[in-house]
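Undergrad: Let me begin by handing over the structure; questions about it come next.
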Amino acid sequence: MTSINTEHRAVALPTKLLSIIVPVFNERAVLPILLEHLRPILRQLELRTEIVFVDDGSEDGSAEFIRGEILKDSSLRLGRLSRNFGKEAALTAGIELARGHAIVILDADLQDPPELIPDMVARWQAGADVVLMQRRSRSGESGFKRFCAYGFYRILNRACRGTIPVDTGDFRLMSRKAVDALLTLEERNRYMKGLFAWVGLPTAVIEYDRAPRSAGVSKWDTFGLFGLALEALTSFSIMPLRWTAGIGLTAAIAGALFGLWIVAKALILGNVTAGYPSLIAIITFLGGMQLLGIGIVGEYVGKTYLESKRRPVYILRDIVEQSGPADRSINTFHEASRYVEAG
Ligand code: UDP
Ligand code: MG
184 MTSINTEHRA VALPTKLLSI IVPVFNERAV LPILLEHLRP ILRQLELRTE IVFVDDGSED
244 GSAEFIRGEI LKDSSLRLGR LSRNFGKEAA LTAGIELARG HAIVILDADL QDPPELIPDM
304 VARWQAGADV VLMQRRSRSG ESGFKRFCAY GFYRILNRAC RGTIPVDTGD FRLMSRKAVD
364 ALLTLEERNR YMKGLFAWVG LPTAVIEYDR APRSAGVSKW DTFGLFGLAL EALTSFSIMP
424 LRWTAGIGLT AAIAGALFGL WIVAKALILG NVTAGYPSLI AIITFLGGMQ LLGIGIVGEY
484 VGKTYLESKR RPVYILRDIV EQSGPADRSI NTFHEASRYV EAG
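Take a look at the structure:
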């Protein structure tokens, strides 16, 4: 079978390679629309490009669709994870598989407009190692989700002393320098936005309006997002421990003052035995505070336990690509069995 490669150019090929990383979990409905949008935009760039899909255990034929496309287009590649590991793991896999001089992370559902990629590339070529995309609006998301996102990013920002920029998602460009720095972080709890921010390096910010999903449904429900928020807070900050200590201290001082007041009152007015309701109230309040405190400490102990097992972030099932094995050895945690499609 002959490969239909439309990327041939008569002039010398540009030497820099840009990798677009797309995590995919049951996105069969949007993938054709994504490719249709993305291809003309990438063709405009004075760069060689590759699109690295990471199939995060899709069960709707997404991987099969991408395989079919790879047969026709050598600039597409696919890494398949052994099961659904979550977006953070899929991104880690994509970043490790990418060979580009710069990478762009893009959601499959077109919520991150590919039209902005040329702008991002321009900022990178002007010297930025990281180009952050900051959301100006979130159309198509419920008022509740917007409210939670608003509150969450601000609490997180406080807890991490401003290192995680507000209202930015995973949609961003990173230079090879930033990517290599990111790959040195070996923790298993991967809250990518936090890891990205930790790397630092010269950063440019582009504002954009976030579009609604073009097809399919969001993989996040409220519980999932709450979990991610908790994960984010406890992975990147020990501030919740301090906040708990602060609340505990405040409650203790209030309790002591209240006790003094009761003693004083008893001395002045004689022995008053009433006070059952206030007693119950205080016991319940302190009991609750203690459980909350233990819960928060437990969250950190649990994290330490999970990290100590040093399990890999994901397992690669195979890599599907037209050309032979990579020219550059891939920096994966696990040696992947390579699956090479005949071109
Ligand atoms: N995704 C993934 N693994 C998951 C959940 C999501 O790879 O377990 C991908 C999904 O295919 C999409 C991106 O992550 O490309 C963002 O997911 P989604 O649109 O569901 O999240 P939202 O935009 O609502 O935050
Ligand atoms: Mg989305």
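Going by our numbering, the sequence shown opens with residue 184, and the numbers climb by one from there. Beta carbons: idealized from backbone N, C-alpha and C, even for Gly. Values in this document were obtained by computation on a predicted structure and should not be read as measured data.
Between S129 and ligand 2, is there a pair consisting of the residue's CB and a ligand heavy atom that are separated by less than 7 Å?
TA: Given a span of 184 to 526 for the chain in the structure shown, any question on residue 129 remains unanswerable.
Undergrad: In angstroms, rounded to a whole number, what distance separates the CA positions of V287 and K486?
TA: Cα-Cα distance, rounded: 29 Å.
Undergrad: Ligand 1 heavy atoms versus the CB of A305: any closer than 7 Å?
TA: For ligand 1, not one heavy atom lies less than 7 Å from the Cβ of A305.
Undergrad: Would you report the Cα separation of F208 and R263, rounded to the nearest angstrom?
TA: Rounded to whole angstroms, F208 to R263 spans 11 Å at the Cα level.
Undergrad: Once you ignore the five residues that flank M184 on each side, which residues in its own chain have a CB closer than 6 Å to its CB?
TA: Residue confidence is low: M184 scores 41 on pLDDT, short of 50, so the model does not pin down where it sits. Its coordinate-derived value is still stated next. Around M184: no qualifying Cβ.
Undergrad: Whose CA, out of M472, A412 and I234, lies closest to the CA of L280?
TA: The residue with the shortest Cα to Cα distance from L280 is I234.
Undergrad: Taking the alpha-carbon of W381 as reference, which of A439, E390, L365 and E482 has the nearest alpha-carbon?
TA: That would be L365, whose Cα lies nearest to the Cα of W381.
Undergrad: Which partner residues does G249 have in the DSSP bridge list?
TA: The residue asked about is misnamed: residue 249 is Ile in this sequence, not Gly. None, per the DSSP bridge assignment.
Undergrad: Taking the straight line between their C-alpha atoms, what separation do you get for E247 and P301?
TA: Looking at the two C-alpha atoms, the distance is approximately 29 Å.
Undergrad: Indicate, with yes or no, if ligand 1 has a heavy atom lying under 7 Å from the CB of A439.
TA: No, ligand 1 has no heavy atom inside 7 Å of this Cβ.
Undergrad: Mark R337 as exposed unless 16 or more other C-beta atoms lie within 10 angstroms of its C-beta, in which case mark it buried.
TA: Exposed, by the Cβ-count rule.
Undergrad: Select from G453, A437, I421 and I451 the residue whose C-alpha is nearest the C-alpha of V484.
TA: The shortest Cα separation from V484 among G453, A437, I421 and I451 belongs to I421.
Undergrad: Rounded to the nearest angstrom, what separates S257 and T427 at their Cα positions?
TA: Straight-line Cα distance between these residues: approximately 54 Å.
Undergrad: What's the C-alpha gap between L469 and E298?
TA: Their Cα atoms are separated by approximately 54 Å.
Undergrad: Could you tell me the alpha carbon to alpha carbon distance between C331 and K270, rounded to whole angstroms?
TA: Approximately 20 Å, taken between the alpha carbons.
Undergrad: Does the Cβ of V213 have 16 or more other Cβ atoms within 10 Å, making it buried, or fewer, making it exposed?
TA: Looking at its Cβ environment, which holds 16 or more other Cβ atoms inside 10 Å, V213 is buried.
Undergrad: Using the Cβ count rule (16 or more neighbours within 10 Å means buried), how would you classify A285?
TA: A285 should be labelled buried.
Undergrad: Rounded to a whole number of angstroms, what is the C-alpha to C-alpha distance between W307 and V314?
TA: Approximately 7 Å between the Cα atoms of the pair.
Undergrad: Quick one: what does DSSP say P297 is sitting in, helix, strand or coil?
TA: Looking at P297 - three-state DSSP - the assignment turns out to be helix.
Undergrad: Regarding S401 and ligand 2, is the C-beta to nearest heavy atom distance less than 7 Å?
TA: Result yes, Cβ under 7 Å from ligand 2.
Undergrad: Just tell me which of V349, S320, E369 and S506 has its CA closest to the CA of T275.
TA: With distances taken between Cα atoms, T275 lies closest to E369.
Undergrad: Rounding to the nearest angstrom, what Cα-Cα distance links K199 and V362 in this structure?
TA: Rounded to the nearest angstrom, the two C-alpha atoms are 15 Å apart.
Undergrad: So, helix, strand or coil for D363, using DSSP?
TA: Here D363 sits in helix by DSSP.
Undergrad: If you compare alpha carbons, which of V237, F354, E242 and D292 is closest to A387?
TA: Selected option, being the one with the closest Cα: F354.
Undergrad: When every heavy atom of ligand 2 is checked, does at least one fall within less than 7 Å of the C-beta of D392?
TA: No, Cβ of D392 sits at least 7 Å from all heavy atoms of ligand 2.
Undergrad: Per DSSP, D501 forms a beta bridge with which residues?
TA: In the DSSP output, where bridge partners are listed per residue, D501 has R263.
Undergrad: Measuring CA to CA, which of A464, R371, D350 and T467 is closest to S491?
TA: Of the listed residues, the one whose Cα sits closest to S491 is R371.
Undergrad: Starting from V446, trace the alpha helix (DSSP H) in both directions and tell me its first and last residue.
TA: Counting along the chain, the alpha helix (DSSP H) containing V446 begins and ends at M422 to L452.
Undergrad: With Y391 as the anchor, note down where its alpha helix (DSSP H) starts and where it stops.
TA: Y391 -> not in any alpha helix (DSSP H); beta strand (DSSP E) instead, spanning T386 to R393.
Undergrad: Name, in chain order, the residues that DSSP records as bridge partners for M357.
TA: DSSP lists I286 and V313 as partners of M357.
Undergrad: For I224 versus D238, is the C-beta distance shorter than 8 Å?
TA: Cβ distance not < 8 Å, so I224 and D238 don't count as in contact.
Undergrad: Can you name, in chain order, every residue of its own chain whose Cβ lies under 6 Å from the Cβ of I203, other than the five neighbours on each side?
TA: Correct list, in chain order: I234, V287 and L289.
Undergrad: Is DSSP giving L198 helix, strand or coil here?
TA: Note that residue 198 is Thr in the sequence shown, not Leu. Coil at T198, not helix or strand.
Undergrad: Between the Cα of L499 and those of L489, G476, R226 and G277, spot the shortest distance and give me the residue it belongs to.
TA: The candidate whose alpha carbon is nearest that of L499 is G277.
Undergrad: Would you call the CB atoms of R211 and Q294 closer than 8 Å?
TA: Cβ distance not < 8 Å, so R211 and Q294 don't count as in contact.
Undergrad: Is any non-hydrogen atom of ligand 2 found closer than 7 Å to the C-beta of Q227, if you look at the structure I gave you?
TA: No, the beta carbon of Q227 sits no closer than 7 Å to any heavy atom of ligand 2.
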